[in-house]
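Counting along the sequence shown from 1, when you hit position 695 you're at 695 in full-length UniProt numbering, and nothing is skipped either side. Input: a single structure, listed below in structure tokens.
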Amino acid sequence: MTTIPQNALPLSPKQISVHRHTRQQAASVIAGLRLDPSSIVGISISLKDKGALDHIALATNKDDVHVIDANGPSSKKTDKQLFKILGSCTLAGFMMARIAIRLHHHFQQHVQGVDLSTTFFNSSEAAGHPSAVIERSGLCQLTDTFPVDSLWHGNDTKHAVKKLCLRAWISAQVANHKESLPSLRGAKKVDTKVVQENILLCLGTLVKQNDILARAQPRVLKNEFDALKFNKQGNMVLHNSRFKTRVRLNKDRQSYVEVKNKDGSVFKGRTIGGEGKKTKISFGGALSKTKTPKSISVVGLEDPTAAEKAQESLLLMILQGHVNVLDAPFVRYLWFRSKQDTKLLTLKSARSESNHRSGPYVAHLNSSQGDVVEAMTSTTGSPVVVVHGPPGTGKTTTISSAAEMWLNVYHEPVWIIGHSNVCVKNIAEKLLQRKVDFKLIVSKEFYVEWHEHIYKEIKKHLIRTDRLPKDRVAVSRMIGGSTVILSTLALLSNPALDDNGTFTIVPVENLVVDEASQIDVFDYMWNGRRLSSIILAGSSEENSSRSPRSTVSNFHPPFAPFFLSFFFTKIAMPFSRAFFFRVGASLCLFLAYLASQSLAYFIIDEPASSTQWSNGAANLISWTKGLEDGIDAFDVELARLSDDGLIFVARDVPCEKGQTAALNIFLQNVPPADDYFLLFLNSTPGTMYATSSRFTILDSSSSPSSTQPSTNPSAVTVTISGSPNPTMPFATTFAASSGTPLMIRNMTPVAIAIGSAILSCLLGAVWTLW
């Protein structure tokens, strides 16, 4: 047992006892607390840098906190016992929906609890920060809210355990406060049991990705300023140099401003106002007006965006049973498609003279760009379209042409959004050139002083958020007859647009997301209920500057939609030469595309989702590969969803014609769990070919609950043992075909594509000179 200081709340005790337990010990220790249905337990979790669950903290109304290591050896039986005990009492935590999803994703056990962030607020109010909840519950009043709220800011590795314990202890104090009990008893609980398992699995993955992004955000941001002065009230007026590093107004007090003077003195202040490049900061008269600051930084987090609030609200409504995500067609299409959805998504857009292929809205486009406009605006094709192409291939031009079609031909509304104001501004300029009627919604802070010069030419199309009317009639007059609306994702998430009827006047039926790979895939789910079609435009090369490498791109599995439109090169030549070159360029791009999409023809048949492998026995791997793609060998790795690391099974497994498409895997002391899956890949460059269904590995004393596939007597048997370990070599390495290394052999289709591209370029150049 250890102790930690408690200075966050003006309450006793000032020291909290911390008891640490392994995952295997957890059930017996928590059982000793003698919890019953009247018990209320505060809960919090901590994460590793890569987003995996690290520790769980549990606190009662006493002065003790129990910390459980979420990793390490355990069994499904002991995990089940632990969560059965926790299910016998009431768990209470801040952002409880997120906690429940992460716990279920890691332990595969159901979780029920009360969300403290919303319990003390009515339905018209947003979820409260911990400091606001503490004061609203009547527990105590706080003179400074930042020390409390910063406990939930995360990514402080040095004080991670201390903050984890204090979060659980504060949750327990709020929940067990005598004035809180009536609200807690009547609160609608978060419950993973009300959600289907496949939806929980998806939500767990998305929330984990979201947590990785959140942990990557800096907690200290150094400001760049041109000048500063003090007004008559003694407040600093800071002139920021750059939009990205400006000191923002923080209404929720999730951050403070830190000034370091050249003499080493440090002062803390709060933002109290701001407009454009200017920010007003109060230091309570403590900061000297005569000393020149050495540096100015913002410590803490920005206020949550409307999109982030919408995500939390959606998670809560799903786990409280108020929302069924399967009712949203777009969410089904992207994550939980049925057979009917799959059939719809694979429809080709109808081609006929009525599609205006030769009309004025597409006459300036090349053939492939015209195909993309057709796919985007088609009412008979897939409702999910991915427009893929590197910079310079005309994505923005194509989007503006599609907007013309929606406006003038189909008379349908369309919202075009991007991750930034500059991204949306580029589309606005194209629409202006084409004389399209549109409205561009921008935030006040971006418009005033910062980038007003950008919008001079499109000023009559602008709507500033601070000038949006609150009543529907006035909004309708401001929008006029425009049915093409441009905004950022953050503004699309603004509840004010819903409250004043903007989404009723111009419904979000067709949504175009430009530079889609710059936006986290989870950002789309909250708005899925509104959509009838969505177009994701971008490139897999445009990785978000805020996204760590471990997050999932919108242009990669498992979230990639089903209709892919590829741009081909547009060359300024006479028609016959341009056509000749375009055919060659199209061919080489098509070959490169086939090389990168071999996953579609490489299927792992066994293990299936119902498969149960046994320790101390041989188990079957089988596969089907139906494409002559030059891939004649691959590597096999075994991984887990809830644990980092890999077991390297076999290297250079042959998969040519006439060879057995199977392996037998003999397991020795591999940890039992139900979250294993196999990877087929070329491990040298990291090229993925296929992933298996999730399956179970049993311990040596357990028997499968159903008949399992028999091993293949003609296949090689590979023996693996122990836990995932990235330092271990492959258990078996097969002899490479003809002595050629795997990486070289699997580069064949890529070499063909590159060779085709070079040949096309040479022929095009010769043809041009000729």
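Using N, Cα and C, we set each Cβ at its ideal position, and we do this for glycine too. Note that the structure is predicted; figures quoted are calculated from it, not measured.
- Within the same chain, and ignoring the five residues on either side of Arg167 in sequence, the residues whose Cβ sits closer than 6 Å to its Cβ are Ser44, Leu151.
- For the 7 Å CB-CB criterion, Gly370 and Glu515 do not form a contact.
- Under the three-state reduction of DSSP output, Asp69 falls in the strand class.
- Note on geometry: alpha-carbon atoms of Ala474 and Ser517 lie some 36 Å from one another.
- The bridge partners DSSP lists for Arg20 are Val67.
- The C-beta separation of Lys278 from Thr271 comes to about 11 Å, leaving the pair out of contact by the 8 Å criterion.
- Pairwise C-beta distances place the region 33-44 in contact with the region 89-96, as three or more of them are shorter than 8 Å.
- Secondary structure at Gly538: strand, using DSSP grouped into helix, strand and coil.
- Val220 counts as exposed, since fewer than 16 other C-beta atoms from the protein chains shown sit within 10 angstroms of its C-beta.
- Beta bridge pairing from DSSP links Leu663 with Ile621.
- In the structure shown, the three-state DSSP call for Val207 is helix.
- A contact between stretches requires three or more CB pairs, one per stretch, nearer than 8 Å, and the region 60-67 meets this requirement with the region 28-40.
- Taking Gly501 as the centre and dropping the five residues before and after it, the same chain places the C-beta of Arg472, Val475 closer than 6 Å to its C-beta, in chain order.
- Distances from the CA of Phe283 to each of Glu275, Phe267, Lys291, Gly273 were compared; the closest alpha carbon is that of Phe267.
- If you look at Arg640, you'll find it in the beta strand (DSSP E) that goes 633-640.
- Out of Pro507, Leu314, Val409, Gly538, the CA that lies nearest to the CA of Cys423 is found in Gly538.
- Annotation: Ser17 to Ala731 spans about 46 Å, alpha carbon to alpha carbon.
- If the five residues before and after Ser609 are omitted, its C-beta is found closer than 7 Å to the C-beta atoms of Ser693, Arg694, Phe695, all from its own chain and listed in chain order.
- Setting aside the 5 residues that flank it on each side, Ser131 is surrounded in the same chain by Leu142, Thr145, Val148, Asp149, each with a C-beta closer than 6 Å to its C-beta; the list follows chain order.
- Ser382 and Asn510 have their C-alpha atoms spaced approximately 12 Å apart.
- Per DSSP, the unbroken alpha helix (DSSP H) holding His106 starts and ends at 96-107.
- Distance check between Val653 and each of Asp466, Thr78, Leu667, Ile631 places Ile631 closest, using alpha-carbon atoms only.
- Cys140 counts as exposed, since fewer than 16 other beta carbons sit within 10 angstroms of its beta carbon.
- Fully contained in the region 348-435 are the following beta strand (DSSP E) runs of length 3 or more, in chain order: 384-388, 414-418.
- Taking each of Thr624, Pro704, Asn669 in turn and checking the Cα distance to Trp613, the smallest one comes out for Pro704.
- Between Tyr689 and Phe677, the C-beta gap is not smaller than 7 Å, which leaves the two residues out of contact.
- In summary, Asn421 is buried, with 16 or more beta-carbon neighbours lying within 10 Å of its beta-carbon over all protein chains present.
- In this structure, Val484 lies near Ala403, with their beta-carbon atoms less than 7 Å apart.
- Distances from the CA of Ile463 to each of Arg434, Lys425, Gly722 were compared; the closest alpha carbon is that of Lys425.
- Closest in alpha carbon position to Val513, among Leu492, Ile505, Leu228, Ile665, is Leu492.
- Nearest Cα to Ala227 within the set Val207, Thr397, Ser241, Gln217: Ser241.
- In this model, Thr342 and Tyr333 are separated by some 8 Å (Cα to Cα).
- For Lys188, the CB contacts under 6 Å within the same chain, skipping 5 residues up- and downstream, are Gln320 in chain order.
- For Leu431, the closest C-alpha among the options Glu457, Thr504, Leu663 is that of Glu457.
- Residue pairing by DSSP puts Ala59 in a beta bridge opposite Gly42, Val65.
- Between the region 202-216 and the region 71-85, the count of Cβ pairs shorter than 8 Å is below three; the stretches do not touch.
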